[in-house]
Amino acid sequence: MDKYDLIVVGAGPSGYAAAMRAVDFNKKTLLIERKTIGGAGVTNGALSSKTWWELSRQIRFLNEGLNQYHIQKPQINFKELREMVRSAVLSKRMLLTEHLDYLSKSGDRGISFKEGSAFLLDKNQVEITSSSGSKEIVWAENIILATGSRPRKLSHIPIDEKIIMTSDSIESMSDFPKSMVILGAGVIGCEFATIFSGFGRTKVHLIDKGERILPFEDDDVVNIIESNMETNGVLIHRNSQLVRMDIVNGEVEYELEYDDGKREIFTVEKALVSVGREPNFQHLWSDNLSIELTSRGITDSETQTSVPNIYAVGDITADIALVNVGELEGRFAVERIFGKPERKLIYENISTIMFLHPEVAGVGLNEKQAIAKGIDFKVVTLDYSCIARAIAERNTQGFIKLLVTNDERMRILGMRVVGNQSSSAIQAVALLISMDKGIEELAECVHPHPSITEGIQECVRMLLGKSMFKPSALKGKNTCRHYTKGVYTEMY
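Those letters in the sequence shown? Residues 6 to 497, per this note's numbering, in order.
Here is the structure:
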């Protein structure tokens, strides 16, 4: 029986990151994967959907430019776009595979790879079943579970992955559908609504059980996204509950009931069910292992499960299901096992980006979250029309919003950036949040000109009362307020 210091089950983003961190400790490590290296984060998740979004964004900008000059729009071919997406996925998968092959064959880095399904017989023994059905048992001092997640399916909806689909089967289509309904107005559902409406070939319907999409975000963020969706022809079914969804004569028939009791029936060509993801832990371990679970996934304390030598990272846990979070957890788990982490595992400074129109990046708290936590705060917003880079790009839709504590220290609570290049603007603030710092660190930082990040400095100057653009002179664009005991008050 082969023995290892560490076995990592799952070679998605979190498992691969864990295995590579174990290489740094020169520990004998085995990485097991039953499907493809890179997992859903590469094959049919973050990378593929974001490649679709980039293509959609490019085509939308092209069409807008052609409309301006009264030039006929070119025909776009779904199969050609699909091959571009597959090429991007293949490039990343090949990179990961070649990298792993080199390390495993070099013999001096302590890492091995086996393809197959893993099953934990006990806290140390793992049975691996290959695609041919052959079995072998290996032993490890420590085990990390990183088996990811899959799209959640609803039992009352006949998902066949051809007409009614999940995100796993988007690329199985042969052409743009003339119409599509998306069930779920969270991040994934809104991203796909943005993608397909951006191509201009599909009438998109979006089912939203609430008054507005993205219910966790502030109204000023959502208003821009909703407005752009509807401008692109998206029909948002607000305050609606799905009564039924069926396949009728090769199309999708769905019935909605609204909050006022009214019912409507619609027919579209395709449906995408986007109601979240669920962790892959079924048939993963023996009954004699008492690994604690919740409805959201494996219970863990800083990646360690209820079985002390077994760790869980990524989507399989009840923590935040993001690629960057999974990679962070994977590395952290290895550091806990073989060393001592330099810092605690914290989630308050996790940077996020939603691939919408325009893109939305964030870190820390937004206003809704701060209010829910009972925190008084100061909040400043700067319109993109005040940022030279946005003006130069002829794309001034958006804003920067910065939240700080409502005291003299003005410790940074969070930031949201809505607009072009938003993701490039938040990382410095993420670092300051993790360091529990105030805005003085940003006050005199010299940014490149012209750049979107200059807007952050202007936000700080507004909070300090020494801004270039005075909110009182730019009503409706820039604001500077404080929130105390449920009441907003203009600062100046």
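Glycine included, each C-beta is placed from N, C-alpha and C at the ideal position.
Secondary structure at residue i, three-state DSSP: helix, strand or coil?
| i | result |
| --- | --- |
| S179 | coil |
| I342 | helix |
| E258 | strand |
| L219 | coil |
| K480 | coil |
| T386 | strand |
| L100 | helix |
| M234 | helix |
| V90 | helix |
| A366 | strand |
| V226 | helix |
| E446 | helix |
| V451 | coil |
| E353 | coil |
| K110 | helix |
| S472 | coil |
| N400 | coil |
| R348 | coil |
| N82 | coil |
| R414 | coil |
| S174 | helix |
| G424 | coil |
| I76 | coil |
| G191 | coil |
| G70 | helix |
Mind checking who residue i pairs with in its DSSP beta bridge?
| i | result |
| --- | --- |
| L125 | V131 and W290 |
| P156 | R282 |
| H210 | V186 and L240 |
| G115 | According to DSSP, G115 bridges with nothing at all. |
| I169 | A276 |
| Y9 | A145 |
| G266 | G266 pairs with nothing; no bridge assigned. |
| L408 | V384 and G419 |
| C485 | V385 |
| T494 | H487 |
| F271 | Y259 |
| T199 | Note: T199 sits in no beta bridge, so no partner. |
| V14 | I37 and L150 |
| E120 | E38 |
What is the rounded straight-line gap between the Cα of residue i and the Cα of residue j?
| i | j | result |
| --- | --- | --- |
| L298 | P79 | 52 Å |
| G470 | D388 | 17 Å |
| M496 | V465 | 14 Å |
| E463 | T102 | 45 Å |
| R62 | G281 | 24 Å |
| L436 | D324 | 21 Å |
| L52 | I193 | 13 Å |
| A93 | E258 | 34 Å |
| N483 | T236 | 25 Å |
| F334 | G44 | Reading off the sequence shown, one finds Glu at residue 334, where the question assumed Phe. Distance between the alpha carbons of E334 and G44: 16 Å. |
| K490 | D412 | 14 Å |
| K84 | D180 | 7 Å |
| S109 | Y21 | 13 Å |
| S295 | G17 | 25 Å |
| V90 | S172 | 14 Å |
| I358 | E332 | 16 Å |
| N244 | E449 | 46 Å |
| Q130 | V13 | 12 Å |
| E372 | L408 | 8 Å |
| N214 | D264 | The question names Asn, but residue 214 in the sequence shown is Lys. Each residue's alpha carbon lies about 9 Å from the other. |
| V47 | A27 | 22 Å |
| E59 | P182 | 19 Å |
| A123 | I303 | 17 Å |
| S232 | I37 | 46 Å |
| Y493 | T207 | 42 Å |
What span of residues does the beta strand (DSSP E) with residue i cover, start to end?
| i | result |
| --- | --- |
| I149 | K140 to L150 |
| M440 | Per DSSP, M440 belongs to no beta strand (DSSP E) and is neither H nor E. |
| L247 | S245 to V253 |
| M359 | T357 to M359 |
For residue i, report the span of its alpha helix (DSSP H) as first-last.
| i | result |
| --- | --- |
| I376 | E372 to A377 |
| V28 | P18 to D29 |
| G460 | E459 to L468 |
| I431 | Here I431 belongs to no alpha helix (DSSP H), and DSSP marks it neither H nor E. |
| R394 | A393 to A397 |
Does the beta carbon of residue i fall short of 7 Å from some heavy atom of the ligand FMN?
| i | result |
| --- | --- |
| I175 | With respect to small molecules bound, the structure shown includes none, and the ligand FMN cannot be examined in it. |
Fully enclosed by the stretch 296-346, which alpha helix (DSSP H) runs are 4 residues long or longer?
-> If we require 4 residues or more, the alpha helix (DSSP H) runs fully inside the stretch 296-346 come out as 328-343.
Complete beta strand (DSSP E) runs within the stretch 31-60 (minimum length 3 residues, chain order) | Whole beta strand (DSSP E) segments, 3+ residues: 34-38.
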